[in-house]
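*Asks:*
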Ligand SMILES: [Zn+2]
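In our numbering, the protein residues as written are 930 to 1261.
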C-alpha cells in the first residue's frame, strides 16, 4: 500500500509558471533519469519508477499482484503558487488515474493535493474521487505548518465525507539543514516527521472530531509507536502543555489508524502489530527506493506469524483502509 510512481515525462513547470524550484526529469541514458530541481541534481531514478509493466513484473517476483501508488513527495510542490500547485496535482493525479483504468487489477491510485490552498484541495479531492482514485497522500507538514493547523481541517473533513482514505508521508524533514551527513534526514528526520504528524492530528483533535477518517501513516508510524509511552507520560504529567486542544489520552487512538509494515525488523514489527493492532498493519514497500522493503514482505513471511495475521497484513488491512472489495482484483 506504499509505493511511489512518476510519469515518464514531466512538463517543464518552471518555464510554464515562470519561476524555479520545480522537479523535471533528464533522461540521460536508457532506463535511467535524473530528477532535477532546476539545475540542481536531486536523485537518480530507474525505469521502474515510471515503467508500468516493469513494475508489475518486479512485483510478481515477490508474489505481489497489486500496488497502491502515489507520487514522490518532492513533487508535492506545496511551496508553489496555489493555482500552479493545483495544476501540478491535476497532472499527477490524471496520470495515476489513467494507470489505474488501464490496469485495474494491478494498480490502486492515491492522489496528491495542493495543500497550500484549502479551497483548491477540496476541489481536487472531489475530482480525485470522480477519476477513480481511492485516497490521497499528503506530507507530514505543509510548508512547516503542522497537520493540526485549522486551515487543513476542512480538507480532512472533505476526505471523510467523500470516503477517501488519507496517507501521511514524511518529507521536508525538520532539522535537515543541521544534519546533512550520514543520510540523517532520512534515518533520523523521517521517523520524527511521521511522529510529528501523528501527534499533531491526535493532540489537535483531528482524529477525535473525524472518527470516520481513515488515516494511514508511513514507515510504521515513524517514531510514534516506539515512543508512545513517553508521549502518554507527557500528556499525563504536563496536560497544561499537551492536552490543550484535546483531553483524550493519546494511547486511546491506538487501533484507530493504519500504518505500513516498513520496519526492516521482525521484533519491531511484532511490537507494531501489538500496539497499532493486527487489523491495522498493511504491507508497504516504499518501492522502488533503496530504503524501502524491496523484497516486498519476505521478512514477514519468515516471522512464523499465524496464517490469518499474514492474510491481514498482506491484503485485508489495506482493503479495509481503502474500503475496497477483494473480488475487484481477481484475475480470470
Ligand atoms: Zn515512501
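By construction, the Cβ of each residue, glycine as well, lies at the ideal position given by its N, Cα and C atoms.
Beta carbon of residue 1195: closer than 8 Å to some heavy atom of ligand 1?
*Replies:* The answer is no for residue 1195.
*Asks:* Three or more C-beta pairs under 8 Å: does that hold for the region 1092-1099 against the region 1060-1078?
*Replies:* Judged by Cβ distances under 8 Å, the region 1092-1099 makes contact with the region 1060-1078, as three or more pairs qualify.
*Asks:* Can you have a look at residue 1148 and say buried or exposed, based on whether 16 or more other CB atoms are within 10 angstroms of its CB?
*Replies:* The residue is buried, with at least 16 neighbouring Cβ atoms inside 10 Å.
*Asks:* Could you tell me if residue 1158 is buried or exposed, where buried requires 16 or more neighbouring beta carbons within 10 angstroms of its beta carbon?
*Replies:* Classification for residue 1158: exposed.
*Asks:* Considering only DSSP beta bridges, list what residue 1094 is partnered with.
*Replies:* For residue 1094, which the question treats as bridged, DSSP gives the partners 1064.
*Asks:* How would you label residue 878, buried or exposed, when you count the other beta carbons within 10 angstroms and need 16 or more for buried?
*Replies:* Here the chain comprises residues numbered 930 to 1261, so residue 878 is not present and cannot be evaluated.
*Asks:* Within 10 angstroms of the Cβ of residue 1035, are there 16 or more other Cβ atoms? Answer buried if so, exposed if not.
*Replies:* Answer is buried; the Cβ neighbour count reaches 16.
*Asks:* Is residue 931 buried or exposed, if buried means 16 or more other CB atoms sit within 10 Å of its CB?
*Replies:* It is buried - the Cβ of residue 931 has at least 16 other Cβ atoms within 10 Å.
*Asks:* Is the beta carbon of residue 1009 sitting closer than 9 Å to the one on residue 950?
*Replies:* Taking 9 Å as the Cβ cut-off, residue 1009 and residue 950 qualify as a contacting pair.
*Asks:* Go through the region 1117-1172 residue by residue and report every complete run of the beta strand (DSSP E) that reaches 3 residues or more, in order.
*Replies:* Counting only runs of 3 or more, we get 1144-1146.
*Asks:* Does DSSP classify residue 1008 as helix, strand or coil?
*Replies:* If DSSP states are grouped into helix, strand and coil, residue 1008 belongs with coil.
*Asks:* Fully enclosed by the region 1182-1232, which beta strand (DSSP E) runs are 3 residues long or longer?
*Replies:* You should have 1187-1189.
*Asks:* Considering only the beta carbon of each residue, do residue 1104 and residue 1114 sit closer than 9 Å?
*Replies:* Result yes, Cβ atoms of residue 1104 and residue 1114 sit closer than 9 Å.
*Asks:* Just to check my reading of the structure: residue 1084 and residue 1041 have Cβ atoms closer than 8 Å, yes? What is that Cβ distance to the nearest angstrom?
*Replies:* With 8 Å as the limit, residue 1084 and residue 1041 do not qualify as a contact, their Cβ atoms being about 12 Å apart.
*Asks:* Using a strict less-than 6 Å threshold between each residue's beta carbon and the heavy atoms of ligand 1, what residues do you get?
*Replies:* Taken from the N-terminal end onward, the list reads 931, 933, 1098, 1147 and 1215.
*Asks:* Can you tell me whether residue 1161 sits near ligand 2, meaning its C-beta is under 8 Å from at least one heavy atom of the ligand?
*Replies:* Annotation note on ligand 2: not contained in the displayed structure, which lists ligand 1 as its ligands.
*Asks:* List the endpoints of the continuous beta strand (DSSP E) containing residue 962.
*Replies:* Counting along the chain, the beta strand (DSSP E) containing residue 962 begins and ends at 961-966.
*Asks:* Within 10 angstroms of its Cβ, does residue 1007 collect 16 or more other Cβ (buried), or is it exposed?
*Replies:* Answer is buried; the Cβ neighbour count reaches 16.
*Asks:* Could you tell me the boundaries of the alpha helix (DSSP H) in which residue 985 lies?
*Replies:* First-last of the alpha helix (DSSP H) with residue 985: 981-989.
*Asks:* How would you write the range of the alpha helix (DSSP H) that residue 1051 sits in, first residue to last?
*Replies:* Taken as a continuous stretch (DSSP letters only), the alpha helix (DSSP H) holding residue 1051 covers 1047-1059.
*Asks:* Could you tell me whether the region 1154-1168 touches the region 1201-1213, using the rule of 3 or more Cβ pairs below 8 Å?
*Replies:* In short, these stretches touch, since the Cβ pair count reaches three.
*Asks:* Using a threshold of 9 Å, state whether the C-beta atoms of residue 974 and residue 965 are closer than that.
*Replies:* No; because the gap between Cβ atoms is not below 9 Å, this pair is not in contact.
*Asks:* Taking the alpha-carbon positions, what's the residue 1124 to residue 1134 distance?
*Replies:* If I take the Cα positions, the gap works out to 15 Å.
*Asks:* Do residue 1225 and residue 1179 have their C-beta atoms closer together than 9 Å?
*Replies:* Their beta carbons are not under 9 Å apart, which means residue 1225 does not touch residue 1179 by this criterion.
*Asks:* Compute the beta-carbon to beta-carbon distance between residue 1039 and residue 995, rounded to the nearest angstrom, for a pair I have assumed lies under 8 Å.
*Replies:* No, residue 1039 and residue 995 are not in contact; Cβ-Cβ is about 13 Å, not under 8 Å.
*Asks:* Would you tell me roughly how many angstroms separate the C-alpha atoms of residue 1127 and residue 1151, rounded to the nearest one?
*Replies:* Rounded to whole angstroms, residue 1127 to residue 1151 spans 9 Å at the Cα level.
*Asks:* Name the residue from 1165, 1228 and 1175 whose alpha carbon lies nearest to the alpha carbon of residue 1196.
*Replies:* Among 1165, 1228 and 1175, the Cα nearest to that of residue 1196 belongs to 1228.
*Asks:* Do you know how far the Cα of residue 1026 is from the Cα of residue 1140?
*Replies:* Whole-angstrom Cα-Cα distance: 28 Å.
*Asks:* What are the boundary residues of the alpha helix (DSSP H) that residue 1236 is part of?
*Replies:* Segment 1236-1240, the alpha helix (DSSP H) holding residue 1236.
*Asks:* Would you check if the distance between the CB atom of residue 1206 and the CB atom of residue 1221 is smaller than 9 Å?
*Replies:* For residue 1206 and residue 1221, no; Cβs fall outside 9 Å.
*Asks:* Distance check for residue 979 and residue 1216, CA to CA, integer angstroms please.
*Replies:* Taking the straight line joining both Cα atoms gives about 11 Å.
*Asks:* By Cβ distance, which residues of its chain are closer than 6 Å to residue 1264, with the 5 residues on each side in sequence left out?
*Replies:* The question about residue 1264 has no answer, for the chain in this structure spans 930 to 1261.
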